[in-house]
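**Student:** Residue numbers (numbering that gives the first Met the number 0), protein chains in the order written: chain A, 0 to 478; chain B, 0 to 232. This is the structure, below, for whatever I ask next.
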Amino acid sequence: MSIKIKEGKFKDRVTDEMKNDFMRKAVSGAQDSLGNRRLTSTDKLGDWESWRTAGSEIRKHTIDNLVHYLSMLSEQISAKGGHVYFAETDEDARNYIKEVVRNKNATKVVKSKSMVTEEIGLNTALEEIGCEVVETDLGEYILQVDDHDPPSHIVAPALHKKKEQIRDLFVEKLGYDKTEDPGELAKHARKMLREKFLGAEIGITGCNFAVAETGTICIVTNEGNARMVTTIPKTQITVMGMERLVPSLEDLDIMVSLLTRAAVGQPISSYVTLLNGPKAEEEVDGPEDLHVVIVDNGRSKILGTEFQDILNCIRCGACLNVCPVYRHIGGHSYGSIYQGPVGAVLTPLLDGYDDHKDLPYASTLCGACTDVCPVKIPLHDLLLKHRQEIVEQGGRAPISEKLLMKAFGFGASSGGLYESGTKIASVSLKMLLRNKETISNGPGMMKEWTNSKEFPTLKTSRFRDWMSKHESEKKHEER
Amino acid sequence: MKARKNMKKGNVQNREHFLSRFADRVQEGVPAKRENKVKPISSIYNLLEKESIEDVFIGNARTIHAETIRTNTENLTEVLESICENVAKDQILSSIQTDNEKLENWTSKRTVQWTPQDGNQNVITAAQSRIGITYCDIALAESGTVVLMNEQNKGRSVSLLPEVHVVIIPKSRIVPRLKEAMEIINGRVNRADSFPTCVNFITGPSNSADIEFVLVVGVHGPLETIYVLVEDE
Numbered sequence: 000m001s002i003k004i005k006e007g008k009f010k011d012r013v014t015d016e017m018k019n020d021f022m023r024k025a026v027s028g029a030q031d032s033l034g035n036r037r038l039t040s041t042d043k044l045g046d047w048e049s050w051r052t053a054g055s056e057i058r059k060h061t062i063d064n065l066v067h068y069l070s071m072l073s074e075q076i077s078a079k080g081g082h083v084y085f086a087e088t089d090e091d092a093r094n095y096i097k098e099v100v101r102n103k104n105a106t107k108v109v110k111s112k113s114m115v116t117e118e119i120g121l122n123t124a125l126e127e128i129g130c131e132v133v134e135t136d137l138g139e140y141i142l143q144v145d146d147h148d149p150p151s152h153i154v155a156p157a158l159h160k161k162k163e164q165i166r167d168l169f170v171e172k173l174g175y176d177k178t179e180d181p182g183e184l185a186k187h188a189r190k191m192l193r194e195k196f197l198g199a200e201i202g203i204t205g206c207n208f209a210v211a212e213t214g215t216i217c218i219v220t221n222e223g224n225a226r227m228v229t230t231i232p233k234t235q236i237t238v239m240g241m242e243r244l245v246p247s248l249e250d251l252d253i254m255v256s257l258l259t260r261a262a263v264g265q266p267i268s269s270y271v272t273l274l275n276g277p278k279a280e281e282e283v284d285g286p287e288d289l290h291v292v293i294v295d296n297g298r299s300k301i302l303g304t305e306f307q308d309i310l311n312c313i314r315c316g317a318c319l320n321v322c323p324v325y326r327h328i329g330g331h332s333y334g335s336i337y338q339g340p341v342g343a344v345l346t347p348l349l350d351g352y353d354d355h356k357d358l359p360y361a362s363t364l365c366g367a368c369t370d371v372c373p374v375k376i377p378l379h380d381l382l383l384k385h386r387q388e389i390v391e392q393g394g395r396a397p398i399s400e401k402l403l404m405k406a407f408g409f410g411a412s413s414g415g416l417y418e419s420g421t422k423i424a425s426v427s428l429k430m431l432l433r434n435k436e437t438i439s440n441g442p443g444m445m446k447e448w449t450n451s452k453e454f455p456t457l458k459t460s461r462f463r464d465w466m467s468k469h470e471s472e473k474k475h476e477e478r
Numbered sequence: 000m001k002a003r004k005n006m007k008k009g010n011v012q013n014r015e016h017f018l019s020r021f022a023d024r025v026q027e028g029v030p031a032k033r034e035n036k037v038k039p040i041s042s043i044y045n046l047l048e049k050e051s052i053e054d055v056f057i058g059n060a061r062t063i064h065a066e067t068i069r070t071n072t073e074n075l076t077e078v079l080e081s082i083c084e085n086v087a088k089d090q091i092l093s094s095i096q097t098d099n100e101k102l103e104n105w106t107s108k109r110t111v112q113w114t115p116q117d118g119n120q121n122v123i124t125a126a127q128s129r130i131g132i133t134y135c136d137i138a139l140a141e142s143g144t145v146v147l148m149n150e151q152n153k154g155r156s157v158s159l160l161p162e163v164h165v166v167i168i169p170k171s172r173i174v175p176r177l178k179e180a181m182e183i184i185n186g187r188v189n190r191a192d193s194f195p196t197c198v199n200f201i202t203g204p205s206n207s208a209d210i211e212f213v214l215v216v217g218v219h220g221p222l223e224t225i226y227v228l229v230e231d232e
């Protein structure tokens, strides 16, 4: 997998996804439940706004001083016996990791959840050199067993799947013979994956935060799979985006406090693991070898631009959980491993406008994402900036918007045309009413609207006419 | 803790070129010491003025499916025995460092102890054990969390592979929240001999909501967590 997960047009994907009633119910249910849990946990913490402010300052400071902190981090990891590789591209990262795996003559790889490894297409690369790569996060595991179905939520990747579908999948692929009860399904996955953990030679993890001052890798999970991945295999490879660090352990307290509450409404997740280098020689479990791969893959291009704030993102998924557009179109519509508002901002920056120019338009600009972001990224402003950029680059705006703007520009530039156009509007709309108050099946571009909601009819009198009448009445009264 | 033996520095590759590509777009040099303009404060401190820290800890542990048994130093081994009732010795793995002689005697008689000299056999034992018993370094009242700093005598597998994780928590080790724990860990940073290679913050049994958002308790880690809170003051 790479950033892009689906071919075809955004509009077609949305049309397909909107027909998936289960997905839509699952997404709205998850949004409501996660939203409530987030609010309860942030209320309990108290003074959430000052936590957000502090989090935002820490992230901004780190990114502003990225050269300094990345140098410091790599020194610290190396001082503790870990190896660090700076990968400029996805290919560099894949090649380095393949080399580490080859040098170990290893074929058995277990992975905990990592978006950046999806982004660089690591699994396929390792499979090509003969490795068995097993995803161990329950959601990711389900998707992998289902022939690499793409994730639909950055925190809950299998949100779009019904338990009955998962049961059928387990029956077909994993010799499962029990019911669709999530507890029984999880138990089966536990059994299957326990064997994989105990036999694994290489463990690959993501990184929620690296701490520059101490060379610490911090991994946040609930299932305990990342602990398995960092306890059993003799070699650990941690892959992190170059922006995923904080200066100190003091800052880590604030970032973890923000992350688990914003993501799942927990004061802390079941496991927060801090790893400081490989295991000591006299220790029994833990990796003998630790490799940390720091990946750019397009991130440094964002530095110093008006989009820089997106590098502050801590991947909590809170913006997905409040977005009215995500609620209706679901994760797969975005066609990216990064969905929702953050995905709509980040995907075109990392992977270009060519395949993703529609994403900045998948927003009502309501600003709910910006309000909820635990590190105060102005997400909806960045979406708007994308739209400006798309228009300025020319020829990239969606056709409907271009046509509309062209027509408006043409009509509004001539007094006569504007006059007659606005007069005709209400008359022509009446033809679509079919004895109703509202329009349910509009033609052409109006279809986009009427597919999902009623179009209100225009008043027979125009605002301009009403205003001039009102003005003259007012003058009359004053006299 | 002993100093790490034969510690060799790791390699750093491609750093200079990597950083040079964007050095002109970020700040140069070492940033001035930074203080957060806003210092966020958790409401846990207000709560702790009204309630005892152990009550807050136990209450929060309950919400994450961890049962707490309260006892004192004198009765600790009886409590552990009641938890381990009917479980054979080779089904119980412990990694406890303590100067409590009674506890030491009980663990040597009743459990298999984590023994670094036995190497990987420890992990195999952990995978076959029903119960893993650990002794926590720090506990957090705000979230019902226990903190284990792993080292040679305190293996990572003990709190991970057995189905049941039993944690002994001396009352004196409970701190309000993550902040204090980070300060304690940070205090060890400059002491290379005692900075742990792995610190685990563990909050109840493992869980997942990945299938239809239904909470499943017990995924890859323990299915059950029992806290034994010991009055030690």
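Yeah, the Cβ is synthetic: ideal placement off N, Cα and C, and Gly gets one too.
I want to verify the contact list: residues of chain A whose CB lies under 8 angstroms from the CB of B/H219, in sequence order.
**Tutor:** What B/H219 touches in chain A: T135, R189, L192, R193, F196, E222, G223, N224, R226 and M227.
**Student:** Using 9 angstroms as the limit for Cβ to Cβ distance, is B/K1 near chain A?
**Tutor:** Its pLDDT being 40, under 50, B/K1 is placed unreliably by the model, and the measurement read from it follows with that caveat. For B/K1, the answer is yes, since a Cβ of chain A falls inside 9 angstroms of its Cβ.
**Student:** Whose C-beta lies closer than 7 angstroms to the C-beta of A/A188 among residues of the same chain, with five residues either side of it excluded?
**Tutor:** The residues are L137 and Y140.
**Student:** Helix, strand or coil for A/K112 per DSSP?
**Tutor:** It is coil, neither helix nor strand.
**Student:** For A/Y84, collect the residues of the same chain with a Cβ closer than 6 angstroms to its Cβ; drop the 5 residues on either side in sequence, then sort them by chain order.
**Tutor:** Excluding positions up to five away in sequence, the list reads Y95 and V292.
**Student:** Suppose the cutoff is 7 angstroms on Cβ atoms and the five residues either side in sequence are ignored; what does the same chain contact list for A/A185 look like?
**Tutor:** Result list for A/A185: L137, in chain order.
**Student:** Grouping DSSP H, G and I as helix and E and B as strand, with all else coil, what is B/M0?
**Tutor:** Summary for B/M0: the model assigns pLDDT 38, below 50, so the residue's position carries little reliability; its value from the coordinates is reported in the next sentence. Looking at B/M0 - three-state DSSP - the assignment turns out to be coil, as it is neither helix nor strand.
**Student:** With 9 angstroms as the threshold, decide whether the Cβ of B/V25 is near any Cβ in chain A.
**Tutor:** It does; some Cβ of chain A falls within 9 angstroms.
**Student:** By alpha-carbon positions, which one of A/T213, A/K356 and A/L274 ends up nearest to A/I236?
**Tutor:** Residue A/L274 is the option with its Cα nearest to A/I236.
**Student:** Whole angstroms is fine: what's the gap from A/S460's alpha carbon to A/K452's?
**Tutor:** Approximately 24 angstroms, taken between the alpha carbons.
**Student:** With a threshold of 16 other CB atoms inside 10 Å of the CB of A/F208, please say whether the residue is buried or exposed.
**Tutor:** Flag for A/F208 reads buried.
**Student:** What are the partner residues of A/I236, as DSSP defines its beta bridges?
**Tutor:** Looking at the DSSP assignment, A/I236 forms a beta bridge with A/I203 and A/H290.
**Student:** Taking the straight line between their C-alpha atoms, what separation do you get for B/V111 and A/G45?
**Tutor:** Answer to the nearest angstrom: the Cα atoms are 45 angstroms apart.
**Student:** So, does the CB of B/D54 fall closer than 9 angstroms to a CB anywhere in chain A?
**Tutor:** Output row for B/D54: interface = no.
**Student:** Can you tell me whether A/W465 is buried or exposed? The criterion is at least 16 other CB atoms within 10 Å of its CB, across all chains shown.
**Tutor:** By the neighbour-count rule (16 or more Cβ atoms within 10 Å), A/W465 is not buried but exposed.
**Student:** Using DSSP's beta-bridge definition, name the partner residues of A/R243.
**Tutor:** Note: A/R243 sits in no beta bridge, so no partner.
**Student:** Go ahead and pull the three-state DSSP assignment for A/T220.
**Tutor:** It is a strand residue.
**Student:** Under the assumption that A/P277 contacts A/D288 (Cβ atoms under 8 angstroms), give the Cβ distance between them as a whole number of angstroms.
**Tutor:** Contact holds; Cβ gap of about 6 angstroms.
**Student:** Residues of chain B with a CB under 7 angstroms from the CB of A/V271: which are they?
**Tutor:** In chain order: F200.
**Student:** Please list the terminal residues of the continuous beta strand (DSSP E) segment that includes A/S77.
**Tutor:** Looking at the DSSP string, A/S77 is not in any beta strand (DSSP E); the run it does join, the alpha helix (DSSP H), is L65 to A78.
**Student:** Alpha carbon to alpha carbon, how far is A/C206 from B/F17?
**Tutor:** So the alpha carbons of these two residues sit roughly 20 angstroms apart.
**Student:** On the DSSP bridge list, what partners appear for B/L160?
**Tutor:** DSSP lists no partner for B/L160.
**Student:** When you check each C-beta in the stretch 37-66 of chain A against every C-beta of chain B, which residues fall closer than 8 angstroms?
**Tutor:** Residues K43, L44, G45, D46, S49, W50, T52, A53, E56, I57, H60, I62, D63, N64, L65 and V66.
**Student:** Please classify B/F200: does DSSP put it in a helix, a strand, or coil?
**Tutor:** Correct three-state label for B/F200: strand.
**Student:** Would you kindly report the start and end of the unbroken alpha helix (DSSP H) that includes A/A497?
**Tutor:** This structure gives no information on residue 497 of chain A, because the portion of chain A shown stretches from 0 to 478.
**Student:** Using 8 angstroms for Cβ pairs, my map puts B/G203 next to A/S269. What's the rounded Cβ distance?
**Tutor:** About 6 angstroms separates the two Cβ atoms, so the contact holds.
**Student:** Give me the residue from A/D250, A/F169 and A/Y337 with the minimum Cα distance to A/S151.
**Tutor:** Considering only alpha carbons, the answer is A/Y337.
**Student:** Which value, in whole angstroms, describes the spacing of the CA atoms of B/N188 and A/G285?
**Tutor:** In the sequence on display, residue 188 of chain B carries Val and not Asn. Cα to Cα, the separation comes out at about 20 angstroms.
**Student:** Assuming A/E56 and B/N59 are in contact, meaning their beta carbons sit under 8 angstroms apart, how far apart are those beta carbons, in whole angstroms?
**Tutor:** Going by Cβ atoms, the distance from A/E56 to B/N59 rounds to 28 angstroms, so no, they are not a contact pair.
**Student:** Run through the DSSP bridge pairs and tell me what B/P169 is partnered with.
**Tutor:** According to DSSP, B/P169 bridges with B/V229.
**Student:** Rounding to the nearest angstrom, what Cα-Cα distance links A/T61 and A/V344 in this structure?
**Tutor:** About 20 angstroms.
**Student:** Can you look up B/G9 in the DSSP assignment and give me helix, strand or coil?
**Tutor:** Coil.
**Student:** Tell me the DSSP bridge mates of B/R69?
**Tutor:** For B/R69, which the question treats as bridged, DSSP gives the partners B/L228.
**Student:** Using the three-state DSSP reduction, which class does A/G7 fall into: helix, strand or coil?
**Tutor:** Coil.
**Student:** Name, in chain order, the residues that DSSP records as bridge partners for B/Q112.
**Tutor:** According to DSSP, which records beta bridges pairwise, B/Q112 is partnered with B/S93.
**Student:** Name the residues in the stretch 60-80 of chain B whose C-beta lies less than 7 angstroms from a C-beta of chain A; which are they?
**Tutor:** Within the stretch 60-80 of chain B, no residue qualifies.
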